[in-house]
Each structure stands twice: as structure tokens, then as C-alpha cells.
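This report concerns only the one structure given below.
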């Protein structure tokens with residue numbers, strides 16, 4: 001049996017599912033696991049799946065080393081505009097009950113594809129390695145909730161505990177390239193919902209209302225000054241208002257406005273400072289509007305920084321360059337994006353390495369770089385135009401997972417493990 | 001037969017329907033018209049109803065004078081917060097397919113109630129007047145589309161043409177009071193939808209996007225300067241952004257933002273000037289953001305100014321003061337709200353009188369006025385707290401329509417019409 | 001002797017003087033008063049002059065009626081750009097010690113010219129009237145301080161008390177036209193100085209500062225919402241930030257910013273509401289910036305509304321139309337500009353009439369009106385392009401003062417006063 | 001002879017002079033040079049001084065190595081608020097003719113003091129080194145103009161050409177500490193003056209004007225979005241509006257507003273991008289206001305990045321740690337401040353090392369760091385509270401210059417230079 005990875009990817013891409021709704025995806029995953037003869041449990045943390053390959057299978061089942069590989073499965077409420085033949089036209093109902101378009105705009109379809117490919121390879125090459133591989137198909141990474149949800153559901157107890165946690169993410173680097181750095185690889189993040197309370201009324205009588213649309217607009221403009229004025233220009237911080245909603249009709253001034261904020265920072269000290277500034281501005285702008293009810297600020301999720309273990313990262317960098325050629329691995333810098341993968345390693349108290357692999361046609365990338373149009377010409381994750389090339393992206397994703405797992409797994413009986 | 005108007009009002013209030021969806025309301029109307037033996041047609045302009053009382057019924061059917069009375073039927077996407085025992089908990093699906101709360105926050109339930117009460121009275125007192133009464137139950141006033149829709153559907157041809165068009169609106173004046181003025185009674189209005197185009201992307205990578213949330217916020221703030229800086233302080237103008245929507249998730253920067261604007265002005269010259277300013281600002285703010293696609297500005301509806309015929313208004317003022325006591329009629333000033341009632345009179349080329357009648361407990365009103373809290377203590381139309389007192393509001397609404405109709409109808413045969 | 005009024009006007013225009021510095025102007029005034037044989041005192045309220053014509057001179061000196069005529073003398077810190085041959089190139093030092101350009105951008109040079117012409121005429125026609133004329137040449141109207149300064153210096157005690165106070169202002173109406181209305185003719189006004197306190201530092205290290213430039217900019221943008229959102233669109237209100245100052249150098253973030261505000265409203269109730277809103281916004285925007293020291297708000301001057309006595313205004317309207325032709329007087333509406341002339345009448349408890357007279361070439365005015373470019377084509381008071389035509393503006397200004405004074409003065413002995 | 005450096009510093013601090021006006025300072029410098037028997041020229045680049053010590057003096061006068069030491073002399077238009085006994089109360093007239101307070105808020109008084117102390121030491125220890133020292137006392141660093149001015153005046157031809165250029169800056173590090181890093185040490189910078197053109201008029205008639213105060217405020221708010229939204233959060237960029245000026249009086253809407261901007265970036269590519277964004281926003285905001293005249297943007301100065309030669313910096317780091325103890329040198333990170341010192345090295349095509357030395361009481365620094373109040377408790381350069389402790393700041397400044405110069409100078413005859 002050989003999984004047709006291209007067909008698998010296209011199928012997953014055409015059928016994206018929102019966070020905690022990845023039932024079709026999980027079904028495809030478990031079908032393949034079954035076909036591969038891999039032991040698994042499903043419905044962990046609502047829609048998550050975890051699988052385990054014990055090699056040799058006759059051992060205790062927790063033969064060291066235990067390597068966890070993680071792939072996330074969920075898609076985003078984005079309307080695909082790639083124009084691809086296999087573009088998504090799917091819709092879903094989000095957590096608030098709203099009907100929304102859905103797209104794998106973050107490439108988790110590629111993560112699932114590469115993971116299944118890697119598992120097939122690891123099964124096929126069992127005589128070349130020893131130890132235990134746990135594959136985690138995680139839901140709801142985009143909500144920053146899936147890892148904690150699986151942990152809360154006992155995944156760390158129900159499966160052999162990791163010695164190391166590994167994961168990878170597709171990114172707008174040239175296909176073939178791998179990006180990884182020791183230390184902080186991705187930012188910490190908070191998602192906030194801010195609700196501003198005004199007083200509604202007729203659109204023709206603003207003076208009898210407290211206009212929450214103006215309150216929201218002034219708040220958004222003022223929030224810009226946190227990064228532009230209050231953060232050391234040499235530090236990394238992001239204050240994004242990802243959504244703003246108020247009102248249903250042009251001639252009714254609504255009573256409320258809602259902002260959803262995504263904040264990024266390299267560490268917990270910066271986190272506290274930025275949260276304090278956001279709160280200060282939100283409260284003051286409501287006061288400037290004469291709001292009678294103070295605004296509410298709710299934290300929807302908190303993501304820790306993703307910190308790569310320095311020793312393991314150096315080891316893996318050598319392994320990748322050895323396998324794929326010197327220069328394959330580049331330092332992508334710290335990403336301002338965030339991840340919940342590190343919860344697995346934090347909770348288990350073991351090292352994490354999380355790397356990026358490229359999905360952009362190398363020629364197109366080189367042209368864009370030469371013309372200084374990288375930012376505008378190459379759609380990034382979460383863009384409606386995000387479209388990794390299929391090859392060699394799929395292959396490199398599979399190979400990277402296998403190389404990485406093998407780097408930390410043991411040698412088969414009779415072979416010297418220290419050859420590593 | 002006597003309609004229980006309080007029960008009718010409460011029933012309508014509990015079952016509000018969005019614009020062009022007033023089928024239950026129209027059904028109640030036609031049931032009562034049938035009970036009263038009044039001839040009618042339904043489904044005019046989608047969900048409108050028109051009825052005619054010919055007196056004497058044996059005449060040509062178009063015996064002059066012909067008085068048109070108009071009541072609008074639709075409700076608003078507002079979530080009721082009055083706490084009334086009979087408060088609406090209804091929901092509906094608006095034109096964009098969104099599920100929304102629905103409330104008679106503009107009091108059209110009172111309009112329908114008063115109209116049916118007035119028709120019953122006019123039928124019961126046929127021996128006291130002569131002529132033709134046409135009662136128009138109009139849909140979709142809140143969309144500014146219902147009057148034109150009924151006209152397009154031939155209501156002016158299918159019923160006796162008016163000599164005068166009369167209408168009334170519930171308002172936050174003390175119950176018992178009537179407000180009317182000759183000349184411009186209500187402002188002209190346009191409803192615009194502005195779509196701003198940015199470039200979407202990941203919330204942690206703002207530099208790879210063109211943020212439409214910031215573009216929208218800057219646009220809202222700049223639009224304030226039209227009224228604050230560019231309109232003669234002595235002129236009336238309103239630029240309301242009644243809704244703002246962008247984004248679905250805190251960590252995705254969306255590709256677009258949508259603003260819905262409600263504009264008000266006393267005349268067409270001011271209209272052109274304000275529209276020009278709105279367009280100038282919207283385009284420039286998109287340019288300030290470096291938008292690659294220019295914004296679109298679509299006019300959703302245009303409402304003419306509501307201009308009361310001076311002669312007819314003076315006549316009616318005397319009639320109201322005569323019937324209800326001197327001092328009943330006050331000059332409410334020009335309202336910045338808008339109406340589509342005048343399309344009927346404009347199209348027919350006949351005079352219009354449109355008045356307001358009060359729905360606030362007079363004591364509560366007096367207290368609020370004395371303490372200078374009128375604006376904050378008395379919920380206005382379109383507020384989720386809008387709640388006219390039932391009595392004497394219902395009675396005065398019925399009486400006002402009857403007095404007004406009788407003022408412009410003829411005397412019964414044998415009586416000198418010129419007694420008026 | 002006949003004053004060459006054109007030469008006088010041009011000389012005054014070329015030598016404008018800032019508020020409370022009108023010494024050269026006062027010197028020219030007193031020279032002409034001396035030449036005309038009119039009794040006067042100078043240095044009243046610092047630089048003011050008051051003169052009195054008693055007719056007959058042998059009476060008590062306070063023969064009723066006593067008519068006060070007022071002209072203001074000061075110029076503005078505006079750099080003239082009219083391109084006129086006699087344009088001002090003058091400079092002055094303002095109250096804060098800053099060197100500034102100076103221009104008669106408000107036309108007080110025309111006021112002084114017309115007043116001296118009117119006094120000459122009144123002296124020459126003493127046999128046609130009886131009573132007392134007091135001519136007040138007031139300083140510092142632009143500071144809103146001159147009238148109170150003269151009153152504090154005893155002008156109402158040192159001269160016969162008025163039975164009526166009259167004054168006039170040049171305005172962008174067609175030359176020949178007079179604009180006046182009973183009731184509120186000009187708005188009440190306050191001038192405020194707002195000081196915002198941040199924390200200074202190096203321009204490259206914004207995070208170590210509290211940036212008062214951003215604080216000031218956000219405050220200015222938020223202040224726009226008072227008029228755009230919080231004032232009934234049918235009411236008159238103006239919130240102008242006439243000056244903003246912060247910083248001395250691009251690479252130093254300053255510690256403070258200063259805003260000067262000019263507020264306008266029709267009455268004292270509106271005044272209180274607007275002041276409250278200004279204070280609310282200023283304080284909240286400082287809080288949004290995290291200011292450690294709260295802002296200060298100082299009232300620099302308060303001007304009362306200028307309210308024309310209804311009876312006297314009607315009388316004067318007839319007199320003007322009689323003298324200059326029906327249609328000369330138009331209702332200019334309420335002006336949002338403010339004046340301190342009414343302090344004289346208020347303090348004395350007598351009626352005031354204050355009118356406007358036109359200074360624009362009638363043909364140019366008509367063309368601009370026809371093409372809808374009145375606002376842009378006709379420079380208004382305080383514009384660097386403000387340039388009244390010399391004729392018939394000077395003549396009409398003289399005539400209007402004489403006609404008005406004569407309307408309220410008595411008939412000479414032997415003539416029946418009631419002929420009026 | 002021994003210069004009393006503390007007295008010298010206090011004298012310089014009490015008598016700060018604005019850029020290109022450093023005549024008193026230059027006079028003190030030349031007096032000391034004369035006393036020390038050091039050859040010099042003055043008036044170079046207007047108010048600059050350069051001195052040369054040739055050792056041995058009997059050589060060609062350009063005996064290699066030639067080490068240039070540079071100190072800048074000018075002060076800032078800042079009003080001192082340190083409360084120090086020797087605080088400046090000086091005032092000056094800036095380039096625009098405005099009377100301003102003056103303060104050594106950037107510590108150039110310390111630079112001059114340390115330089116004179118170092119020269120005295122080098123003279124006194126001539127038997128320990130060989131080569132040529134050129135000491136440059138530069139004017140107008142704060143204008144970014146002094147280095148170029150001295151170069152244009154031939155300083156590189158009139159004195160022995162450098163083999164290396166060295167310089168130092170006092171900074172808020174603990175006294176005793178030295179901060180230096182190879183590569184980009186300080187940002188590139190541009191100073192821009194933006195003039196926005198509106199249309200002036202009376203403060204009560206905003207609709208007849210184009211309000212440049214609102215235009216300026218909207219521009220300032222929008223400029224914040226460059227850093228907050230358009231720059232990669234991992235890159236360094238600063239957009240500071242250091243000054244904003246418009247208007248002279250609350251009731252006149254002025255015709256223009258002026259903004260002074262200070263921009264910072266690590267390299268020329270970022271420079272071009274940011275300048276483009278500034279221009280885009282400035283133009284669009286003027287368009288949003290309906291400006292009839294486009295704004296002007298003038299570059300007042302351009303400062304290159306200050307890039308430390310890696311080899312020389314490593315060498316000097318070892319020298320400092322050797323002389324003052326391991327751990328003395330810290331990596332201060334890239335500074336967002338800018339310098340014109342590198343023009344000397346760029347023009348001569350030789351390496352530059354530019355380091356910082358601390359001036360804060362180490363205990364106070366440690367406390368502030370521990371309590372997380374570094375930014376607020378320790379006044380930075382350009383703050384009105386900037387106040388380095390006298391000791392050991394003066395001593396360390398002298399020593400650092402001497403150690404650094406000696407590191408790159410030769411050994412005296414007979415000693416092996418390669419001992420270095």
C-alpha cells in the first residue's frame with residue numbers, strides 16, 4: 001500500500017474544517033492509520049487523534065527513546081481566492097454560529113499529508129530504527145486551544161511520554177528549504193475580545209446616542225500607538241485588531257462594538273506590559289466617548305512562546321543539512337506567529353524542536369526577492385491567496401519528519417546508537 | 001365589532017417582521033379589513049396592502065376628495081431591552097442572510113394599530129363624511145424602499161388617486177401632543193455601503209498585509225470632520241456610520257472592511273456636497289493605507305426630504321388644536337430622520353402632511369425635561385429601550401388620523417362643505 | 001475740513017496693530033477728533049478712546065437720548081496675502097512675546113474709518129438732530145477683552161450713559177447690503193488654552209517618553225466628535241482648535257503640547273454642555289496616553305451672545321431700508337462669530353443693535369453665488385486674503401452709522417420728535 | 001598643569017550653546033589646548049576646532065598610525081528640569097529666530113570634558129606611545145550637519161588623515177560600564193520638515209476654511225501606522241513627529257501647519273521604504289482634507305548608519321575589558337539614535353569605532369532595573385532631567401579615550417608594536 005499524497009492533500013484542501021470540527025479530516029486520518037496497521041485513539045480533546053508505532057512492537061511499548069511528532073488539522077474562516085482548480089468553496093459555522101467561508105489558508109492540510117506520508121515511511125523502515133513514535137493529529141491550533149484540550153483529555157497519560165516533541169509548519173520559504181533556529185522561534189500571543197458599550201439610537205440623532213462605532217474607530221487608531229510609541233523599536237511586538245463588528249443597518253446607531261485583538265511578544269514580561277497598555281487605552285477611549293458602561297476585555301487564549309531547545313536544534317540542523325545538502329537550513333528569525341505545540345513539551349518537561357519548511361516555487365521566490373516584492377508577491381499563511389506548490393513541498397515535508405524522528409530515535413538492535 | 005387595539009398592538013409588538021417580510025402583519029391587517037368590510041388588495045410592492053372606503057359606496061368610486069392615509073409596517077434588527085412583559089424575543093434573517101434579533105423599535109406597530117382603529121371609526125361614522133379614503137399599509141419603510149416598491153407595483157393606478165396624502169409617526173413627545181410644521185419636516189437621506197479593500201494575511205505579520213481594520217477606523221475618524229469642519233454650523237447635516245464590519249478572527253487580518261453610512265441633509269444641494277466629501281475622504285483614506293484596489297461606494301437608498309404643504313399644514317394644525325385643545329400642536333423643528341412617505345405625494349403631484357404624535361408618559365417627560373436629561377432618559381426611536389406608553393398613545397393616534405382625514409374629506413350630502 | 005476717508009483707510013490698513021497695542025491708530029483717531037473739535041479721552045482700558053458730541057452743547061451734557069456708537073481698532077496676527085498695493089507687511093510682538101505678522105484681516109480699519117466719517121457728518125449736521133453721541137474706539141476686540149477693559153476703566157461713568165448701543169461690522173456681503181436680525185445675532189464664545197503634559201526624550205527612543213504630539217493629535221481628532229456626534233444636528237456649535245504647538249526639533253520628543261480652542265454656541269446652556277465635553281475628552285485622551293500629569297484647561301476669555309433688541313432692530317431695519325432702498329437689509333442668520341460689544345449694553349442695561357455691512361464687489365459676489373463658490377471664492381474675515389472693496393463700502397459704513405444714530409437721537413428743538 | 005575636569009564640566013553645563021553657535025565652548029577648548037601646548041585650528045566648519053599631537057613631534061608630522069578622536073560640542077533647545085545646583089538657565093535663538101531654552105541634554109559637555117582630559121593625559125604620557133592623535137571638537141551634531149561642515153571646510157586635508165576614527169557618547173548605562181558592538185551601532189536617520197497647506201479663516205466659520213490643524217492631527221495619527229502595521233515587527237524603525245506647529249490664536253484657523261519628523265532605520269533599503277510611506281500618507285491625508293495645494297516634504301538632514309568595524313571593535317573590547325576589568329563592556333544592542341561621526345571615517349575610507357559609556361549611578365540603575373522601571377526612572381539623553389553623575393563618569397570617559405587611542409597608536413621607538 002502507498003498513500004497517494006498529492007490526491008490526499010487535494011482532498012483535504014477541498015474539504016477544510018474549522019477548529020474542533022475536524023471530523024472528516026480525523027476520519028481520513030484514522031482510515032489511513034488503520035490501513036497502515038498503526039494503533040490509535042480518536043476523539044481526544046474533542047476531535048484529536050493520536051497514534052503510536054512501537055518498534056519493536058514486542059517491547060514494553062514504551063521503549064526509549066519516545067519521539068512525538070505533531071501535526072495540526074484545522075482550517076480558517078477565510079474565503080479562498082487562489083483560483084486553483086482544487087480551491088476550497090467550503091463554508092462552515094463558526095463558534096458564534098455565523099456562517100463563514102472556510103479554507104486551509106494556514107497549510108494544515110499539508111501538515112496532515114506530510115505526517116501520514118512520514119508514518120507510512122517509518123512503518124516501512126522499521127528495521128532501520130528502534131524506539132517509539134507517537135503521532136499527534138491535533139485539532140484547533142488556530143483557536144490556540146487544541147493542544148491543551150488534548151492534554152486535558154489525557155493524551156500524555158494515554159500514550160508513551162515523549163523524550164522530545166517535534167513539529168513542523170509550512171511557510172513562505174522556497175520549497176526545499178528548512179528554517180529553524182535555537183531559542184525563541186515563535187512569539188507568545190494572546191487573543192482578546194474587547195466589547196465597547198455605547199448607547200444605541202436612530203442614525204439621524206447621534207446626539208441622543210453614545211456612538212460605539214466612533215468609539216471603536218478611535219480605539220483602533222489609539223492602539224496603533226502602543227507599537228509605534230511605547231515599545232522599544234528594537235523589541236518585537238504586534239497589536240493586531242483582526243476583527244471589528246458593530247451595527248446591523250446604516251440608520252441605526254448600535255449599542256455595542258466588538259474588537260478582536262491578537263497580541264504578540266517574545267516573553268512574559270513584554271506580555272504584561274502590552275496587556276496593561278491595551279487595557280489603559282481601551283478604558284480611556286471609552287471614557288473619551290462618555291461611555292456609561294465600562295468596556296470588557298476577555299482573554300480568549302494565551303499561547304506561550306515557542307522555544308526551540310538549543311542542543312536538539314543544533315543536532316537537527318546538522319541532520320537536515322546532512323540529508324538534504326548543506327545550506328538547506330536557514331535561520332528564519334523569530335516568527336511573530338504563535339503556536340500551541342509547545343504545551344506538549346512544557347507539560348512533559350522535555351525539549352521541543354519546531355521548524356518551518358518552504359512551500360514556494362523557488363524560482364518565483366528568487367524573482368520576488370530580486371525585485372524586492374517578497375512581501376507583496378508571495379502570499380503568506382492566512383492569506384486567501386496562500387497556495388504552496390505541491391512538489392517538492394509534500395516530499396520535503398515527509399522527508400523532514402522522517403529525518404527528524406530518526407535523528408532522535410534509536411538504532412535497531414545490534415547497531416551502535418552512538419553512531420548518531 | 002370593535003377591535004381590541006391594545007391587544008392588537010401587543011400582538012404586533014411581540015411579532016415584529018423585517019422589511020419586505022411583513023407577511024404576518026399584513027395577514028392581521030387583511031383579516032381586520034375583511035371583518036370591517038373594507039375592500040383591499042394585498043401583495044402590492046411585495047408585502048404591502050391598500051384598502052379603500054368609498055362613501056357613498058354607490059358613487060363612481062373615486063368621489064372627490066380622495067384622502068390617502070399611510071401606515072408603515074416593518075420592524076428593525078434591534079434586540080429589545082425594554083424589559084416589558086410583551087417585549088419582542090423575535091429573530092429574523094436579514095437581506096444578507098444573517099440571523100438577527102427583531103424589534104418594533106421604531107413604533108410601526110403603533111402606526112398599524114392606529115390606522116386600523118381609524119378605519120373602524122371612519123366606517124362607523126360614514127354618515128358624517130363623504131369622499132374616498134385610501135389606507136396604505138406600506139412595507140419596508142426602514143429600507144427606504146417600500147413606497148417606491150408599491151408605486152412601481154401600480155398602487156397609484158389601482159386605487160383612486162389622492163388629493164392629499166396624510167401620515168403620522170410615533171415620537172418621543174409627551175403622549176397627547178402632536179408635532180408638525182410647515183415646510184421641511186424631515187431630512188433627505190442617503191444610505192451608502194462603502195467597501196474598503198486591503199490585503200489579508202496573518203495577524204502576526206501586519207507588514208505583509210494592507211490592514212482594512214485600520215483603514216476603516218481612520219476613515220470613520222476622518223468622516224467626523226465633514227460635520228465638524230466642512231458644514232456651516234448653522235446647517236443641518238448628519239454623517240452616521242451605522243455599521244462597521246471586518247474580519248472573522250483575531251489572528252487573521254481580513255482583506256476587506258465594510259461601512260454602512262446614513263447621511264442626512266435638508267435639500268439636494270447639501271446632498272451633493274456631502275456625498276462629494278464622503279467620496280473624497282473614503283478614497284483618500286484608502287490611498288493613505290496604500291490600498292491596491294480603490295474602495296467602492298454604493299448608494300443603497302435615497303430618501304427625499306419630507307416637505308409639509310404649508311397651506312394644508314396650517315389647516316390641519318387648527319383642526320388638531322380644535323379637536324384636542326389649544327396647545328396640542330407644537331413645532332417639533334425639522335427632524336433629521338427621513339421617510340419615504342413623500343414618494344406617494346410627489347408621484348401624484350399632490351400635497352403631503354406628515355405629523356408626529358407623542359408616546360411618552362407626560363409626567364416622565366416633564367421630569368426629564370426639568371432635570372435636563374431628555375436625551376438620556378427618554379429612549380428614542382430605534383433604541384432597544386424604545387417603549388411608548390399604551391394610553392393615551394393609541395387613542396390619540398386613532399383620533400389624529402380620523403380628525404385629519406375628516407378635515408380633508410367632504411361633508412355628507414346636504415351639508416355645506418364650505419363649513420370647513 | 002473733510003477727512004480723506006480712502007487715504008485714512010489705506011493708511012490704517014498698512015499699519016495694523018495687535019490687541020492692546022493700538023497706539024498709532026488711537027493717535028490718528030485723536031488727531032481727527034481734535035481737528036473736528038470733538039471732546040475725547042484717551043488711554044481708556046489701556047489704548048481705548050471715547051469721544052462725545054453734546055448737541056446742543058450748552059445743555060447739561062447728558063441730554064437724552066444718548067446714543068453710543070462703537071468701533072473696534074485692533075488687527076490680527078495674520079500674514080496678508082491679498083497682493084493689494086496697500087497690503088500690510090507689518091509685524092508685531094504678540095502677548096507671548098513671539099514676533100508675528102500683523103494684518104487688518106477682520107476689517108477693523110474699515111470700522112475706524114467709517115466711525116470718523118460718521119462723526120464728521122454728525123458734527124456737520126448738528127442742526128438736524130439733538131441729543132448726545134458717544135463714540136467708543138475700542139481696543140482688543142480680538143482678544144475678547146477690550147470692552148471689559150474700557151468698562152473696568154470707568155468708561156460708563158466718565159461719559160453720558162447710553163440709552164442704546166449701536167455697532168457695525170464689515171462682512172462678506174455684497175457692498176451696499178446690510179445684514180441684521182432681531183434676537184441672537186452672534187454666538188457666545190469661549191477661548192481655552194489646553195496644555196497636555198507628556199514626558200520628553202530623544203526622538204529615537206519614543207518608548208522612554210510619553211509623546212505629547214500624539215496625545216495632541218488624538219485629542220484634536222476626538223474633539224471633532226463633539227460637533228459630529230454629540231450636538232443636535234439642528235443646533236449651532238463650533239469647536240475649533242485654532243493653534244497647536246509642541247516641540248522645537250525633529251529629534252526631541254517634547255514634554256508638552258498646547259492647544260488653543262475657540263468654542264461657539266447660541267446660549268449658556270449649550271456652553272456648559274460643550275465645555276463639559278471638551279474637558280471629558282481632553283482628560284480621557286491624556287489618560288489614553290498614560291500621562292502622569294493631568295492636562296490643564298484655562299479659559300482665556302468668555303464672550304456673551306450678541307443679542308439684538310427686537311424692537312430697536314425692527315425700527316432700524318425700516319430706517320435702513322428707507323434710507324438705502326427696500327431690500328437693502330437682509331437677514332444674515334445667526335453668525336457663529338462672537339463680539340464683546342454687548343458688554344457695554346449689558347453693563348448699562350440698555351438695548352443693543354449690531355449689524356453687518358457688506359464689503360464685497362456685488363458683481364463678484366453674484367458670480368460666486370451663481371457658481372456655488374461663495375465659500376471658496378470670497379475670502380472671509382480673518383483670511384489672509386480678506387480685502388473689502390473701498391467703494392461703496394466706506395460710504396455705506398459712514399451712512400449706516402449716521403442713519404442709525406439719527407434714528408435714535410432726538411429732533412432738533414422745535415421739531416416734533418415723534419415724526420420718527 | 002592639571003585641568004580641573006569637574007569644574008570644567010560644570011562650567012560647560014551651565015553655558016550650553018546651540019548648534020553652530022558653540023563659540024564660548026570652542027574658546028574654552030582652545031584656551032586649554034593652548035595651555036597644553038597642543039597645535040590647533042579653530043573656526044573649521046563654522047565653529048569647529050581640530051587639534052593635533054605629533055609624537056614624536058620631530059617626525060613628518062603624519063607618522064602612522066594616525067588616530068582621530070572626536071567630541072561634539074553643541075547643546076539642545078531643552079529647558080533643564082534636573083533641579084541640579086549647576087542646572088542651565090541659558091536661552092538661545094534657534095535657526096528659525098525663535099528664543100528657546102538651552103541645555104546640554106545630550107551630554108556633549110561630558111564629551112568635551114573627557115576629550116580635554118584625555119589630551120592632557122596623552123601629552124603627559126608621550127614617552128609611552130608613538131604616532132599622531134587628531135582631536136576633533138565638532139559643532140552641530142544635533143543638526144546632523146557639523147561633521148559634513150568640517151569636512152567641507154577641509155578638515156581631512158588640513159590635518160593628518162586618519163587610520164581609524166574613534167568616538168564616544170555618554171549614555172544611561174551604569175557609570176563604569178562601556179557599551180559597544182560590532183556592526184550597526186546606531187541607526188540611520190532622516191530629519192524631515194512637512195508643511196501642510198490648508199486655507200485660513202475665522203475660527204467660527206470652519207466650513208469656509210480647510211483646517212490645517214485637523215489635517216496635521218490626522219496625519220500624525222496615520223503616521224503611527226507605518227511602524228505599527230507596515231514594518232516587520234522584527235525590524236527597527238522609528239517615525240517620530242518631534243514638533244507640530246500651526247496657528248497663532250484660538251479664533252483664527254491658520255493656513256498652514258508644520259510637522260518636523262525624525263525617522264530611524266538600520267539601512268538604506270529600509271530608509272527608502274519608510275520615506276515612501278511617509279510621503280504616501282502625508283499626501284493622502286492632505287487629499288482627505290481637500291487641500292488645494294499639495295504638502296511639501298523637505299529633507300533637513302540625512303545621517304548614515306553608524307557601523308562599527310568588526311575587527312577594530314573586537315580589539316577595542318578586549319582592550320577595555322583588560323583595562324577596566326572583564327565584564328566592563330556590554331553589548332548595548334543597536335541604538336535607534338543617530339550620529340554624524342561616521343562621515344569622517346566614510347570620507348576617509350577608514351574604520352570607525354564608536355562606543356557608549358555609562359553615566360548613571362550604578363546603585364540607582366540596579367534598583368530601577370530590579371523594579372522594572374528603567375525606562376521611567378532613568379532620564380535618557382534629550383530629556384530635561386538628563387543628569388549624569390560626575391564621578392566616575394568623567395574619569396571613565398577620559399580613561400576610555402586614552403585606552404582606545406593607545407590601542408591603535410604605535411609603541412614608542414624601540415618597543416615592539418606587535419605586543420598589541
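Protein chains in written order, with UniProt numbering: chain E, 1 to 420; chain F, 1 to 420; chain Z, 1 to 420; chain W, 1 to 420.
Every residue, glycine too, gets a C-beta built ideally from N, C-alpha and C.
Quick caveat: nothing in here was measured; it's all calculated off a predicted structure.
Mind checking which residues open and close the alpha helix (DSSP H) that includes residue i?
| i | result |
| --- | --- |
| residue 157(Z) | 155-158 |
| residue 321(W) | 310-324 |
| residue 376(W) | 374-377 |
| residue 212(W) | 212-225 |
| residue 181(E) | Segment: none, residue 181(E) is in no alpha helix (DSSP H) and carries neither H nor E. |
| residue 9(W) | 5-14 |
What residues match up with residue i in a beta bridge as DSSP calls it?
| i | result |
| --- | --- |
| residue 248(Z) | Beta-bridge pairing links residue 248(Z) to no other residue. |
| residue 169(Z) | 356(Z) |
| residue 299(W) | 192(W) |
| residue 68(E) | 134(E) and 165(E) |
| residue 261(W) | 192(W) and 241(W) |
Under 8 Å by Cβ, that's how I've got residue i and residue j pegged, so tell me the actual separation to the nearest angstrom.
| i | j | result |
| --- | --- | --- |
| residue 168(E) | residue 357(E) | 6 Å |
| residue 22(W) | residue 74(W) | 5 Å |
| residue 219(E) | residue 281(E) | 7 Å |
Just reading off the beta strand (DSSP E) that residue i is part of, what are its end residues?
| i | result |
| --- | --- |
| residue 51(Z) | 48-55 |
| residue 356(E) | 352-360 |
| residue 39(Z) | 39-44 |
| residue 34(Z) | Residue 34(Z) -> not in any beta strand (DSSP E); alpha helix (DSSP H) instead, spanning 23-36. |
*Below 8 Å, can you find three or more Cβ-Cβ pairs linking the segment 184-198 of chain E to the segment 177-197 of chain W?*
no
_Is it the case that the segment 383-400 of chain Z contacts the segment 203-212 of chain Z, given that we only count it when at least three CB pairs across the two stretches are under 8 Å?_
no
*Using a beta-carbon distance cut-off of less than 9 Å, what residues from the segment 228-244 of chain E approach chain Z?*
228, 229, 230, 231, 232, 233 and 235
*Cβ-based contacts, 7 Å cut-off: residues of the segment 56-87 of chain F near chain E*: 76, 77 and 78
*Three or more beta-carbon pairs under 8 Å between the segment 233-241 of chain W and the segment 266-273 of chain W, yes or no?*
yes
*asked:* Along the segment 130-143 of chain E, where does the CB come closer than 8 Å to a CB of chain F? Name the residues.
replied: 142
*Would you check if there are 3 or more beta carbon pairs closer than 8 Å linking the segment 131-144 of chain Z to the segment 158-165 of chain Z?*
yes
*Taking Cβ-Cβ distances below 8 Å as the criterion, which residues of the segment 173-185 of chain E are in contact with chain W?*
none
*Check whether the segment 371-379 of chain F touches the segment 34-53 of chain F, counting contact only when three or more Cβ pairs, one atom from each stretch, lie closer than 8 Å.*
no
*If contact means a Cβ-Cβ distance below 7 Å, which residues of the segment 277-303 of chain Z contact chain E?*
280, 281, 284, 285, 287, 288 and 290
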